[in-house]
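Asks: Structure below; questions to follow.
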Amino acid sequence: MAKVLEGPGMGLLRKWGLQTPNYAVVGSSEELEQLAQANDWLNKSSLVVKAHEALGSRFKLGLVKVGLDLKGAKAAAKEMLGRTVGTLTIREVIVSEAVDHSEEYYVAVKSTRDGADVMVANCGGVEVESNWDRVKRCSVVVGDTPSDAALEGLAKEAGFSGDLIPKVADFARKLFLCFDNEDGQYLEINPVVQNAAGELVALDAVTLLDGDAKFRHPDWTFPFAAEFGRAYTENEEEVMAVDSKVKGSVKLIEIPGGDTAMLPAGGGASVYYSDAVVARGGKLANYAEYSGDPPDWAVEVLTDKVCSLPGIKNIIVGGA
Numbered sequence: 001m002a003k004v005l006e007g008p009g010m011g012l013l014r015k016w017g018l019q020t021p022n023y024a025v026v027g028s029s030e031e032l033e034q035l036a037q038a039n040d041w042l043n044k045s046s047l048v049v050k051a052h053e054a055l056g057s058r059f060k061l062g063l064v065k066v067g068l069d070l071k072g073a074k075a076a077a078k079e080m081l082g083r084t085v086g087t088l089t090i091r092e093v094i095v096s097e098a099v100d101h102s103e104e105y106y107v108a109v110k111s112t113r114d115g116a117d118v119m120v121a122n123c124g125g126v127e128v129e130s131n132w133d134r135v136k137r138c139s140v141v142v143g144d145t146p147s148d149a150a151l152e153g154l155a156k157e158a159g160f161s162g163d164l165i166p167k168v169a170d171f172a173r174k175l176f177l178c179f180d181n182e183d184g185q186y187l188e189i190n191p192v193v194q195n196a197a198g199e200l201v202a203l204d205a206v207t208l209l210d211g212d213a214k215f216r217h218p219d220w221t222f223p224f225a226a227e228f229g230r231a232y233t234e235n236e237e238e239v240m241a242v243d244s245k246v247k248g249s250v251k252l253i254e255i256p257g258g259d260t261a262m263l264p265a266g267g268g269a270s271v272y273y274s275d276a277v278v279a280r281g282g283k284l285a286n287y288a289e290y291s292g293d294p295p296d297w298a299v300e301v302l303t304d305k306v307c308s309l310p311g312i313k314n315i316i317v318g319g320a
């Protein structure tokens, strides 16, 4: 499962016909200034600035600023960029157009053992966390798509009425199409809001995809977010790039401070050997594995990266 940051996640939503605010992902306040010269919405709209990293509770951490003009957005970007939270350094911010609204809703699709659940609630934002009983769902078996009637029934069950019923059903239908065609594991839009024109707009996107399906999606040019509270290392990114291009798999996760490197064949062997090293008081320098008959050159890249890890005294090579 691979986490996708908000910017590229919103891009996937747009691809499948869902409306989002105008937005831009930038790495400096100077870049934001340049973009404003070509995009009027940055000069005319109320803006929201958020840290564009895999972080929870961004608002509580002071990493979400709302109701800003361009000058305030540049100041917020400058304040956030380079800030360290735990072991993660903020390298990008996402600047988006604020959308006036009075109500917030929740729509999500998640993978299940038998297919997927489509979930809808007529409350959203932080409110949904304390009202989980208001989230209604319908199950879709593998290979099927939810019917319009089923989705409209789901919207009614969730408490929507009037013209919101077909609008919510259509939004959920498009989100399911995105989920199904983009090899989704979990897509959550919280909140969904209604703009002044009566259109439903996705203000945020939580996107988890099947990372091993990247070879099927040439337009997935975005990097996956790191899952360990830190940015990926250069070695990890290079191995991930190889993994996305080959049959089978090659994996590498660096563990700073360890002295025993691992280069096993097979996911089961990698876990078994790692457990054995730790059980005997060893300190792992990495997790690695190759399986599914990857080409020799891919294994060579992985081997070079493992052998170049700093401070290693032992390398364990094994597997079936």
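Residue numbering for the sequence shown follows our numbering, starting at 1 and increasing by one per position. From the three backbone atoms N, C-alpha and C, an ideal C-beta is built for every residue, glycine too. Treat the numbers as computed from the prediction; the structure is a model and nothing was measured.
#1: Where do the N-terminal and C-terminal ends of the beta strand (DSSP E) with K15 fall, by residue?
#2: Nearest CA to the CA of V271: which residue from D296, Y287, E157?
#3: Can you tell me whether DSSP reads R137 as helix, strand or coil?
#4: Excluding sequence positions up to five away, which residues of its chain have a Cβ less than 8 Å from the Cβ of D259?
#5: Under the DSSP definition of a beta bridge, which residues are partnered with D117?
#6: Would you identify the three-state DSSP class for Q185, choosing helix, strand or coil?
#7: Determine, using beta carbons only, whether A265 and S291 come nearer to each other than 8 Å.
#8: By the three-class DSSP mapping on this structure, what secondary structure does P146 have?
#9: If you follow the beta strand (DSSP E) that N286 is in, where does it begin and where does it stop?
#10: With a threshold of 16 other CB atoms inside 10 Å of the CB of C123, please say whether the residue is buried or exposed.
#11: Report the partner residues of G370 according to the DSSP bridge assignment.
#12: Buried or exposed for G184, going by 16 or more other Cβ atoms inside 10 Å?
#13: What do you reckon, are the CB atoms on K50 and L35 nearer than 8 Å?
#14: If you follow the beta strand (DSSP E) that N22 is part of, which residue opens it and which one closes it?
#15: Which residues bound the alpha helix (DSSP H) around K78?
#16: With DSSP as the reference, please indicate the residues paired to V206 in a beta bridge.
#17: Going by DSSP, which residues form a beta bridge with T89?
#18: Tell me the DSSP bridge mates of G318?
#19: Checking 8 Å against the spacing of the C-beta atoms, do F222 and P21 come in under that value?
#20: For a test of the three-state rule: what should DSSP assign to E127, helix, strand or coil?
#21: Along the chain, where does the beta strand (DSSP E) that runs through V246 open and close?
Replies: In short, the structure shows the following:
#1: Where K15 is concerned, there is no enclosing beta strand (DSSP E), although the alpha helix (DSSP H) it sits in stretches over 6-15.
#2: Y287
#3: strand
#4: G282, K283, A285, G311, I312, K313, N314
#5: K110, S139
#6: strand
#7: yes
#8: coil
#9: 286-291
#10: buried
#11: Residue 370 lies beyond the stretch modelled for the chain, which goes from 1 to 320, so this question has no answer here.
#12: buried
#13: no
#14: From DSSP, N22 is part of no beta strand (DSSP E); its letter is neither H nor E.
#15: 70-80
#16: E188
#17: T84
#18: P264
#19: no
#20: helix
#21: That residue, V246, is in no beta strand (DSSP E); it is neither H nor E in DSSP.
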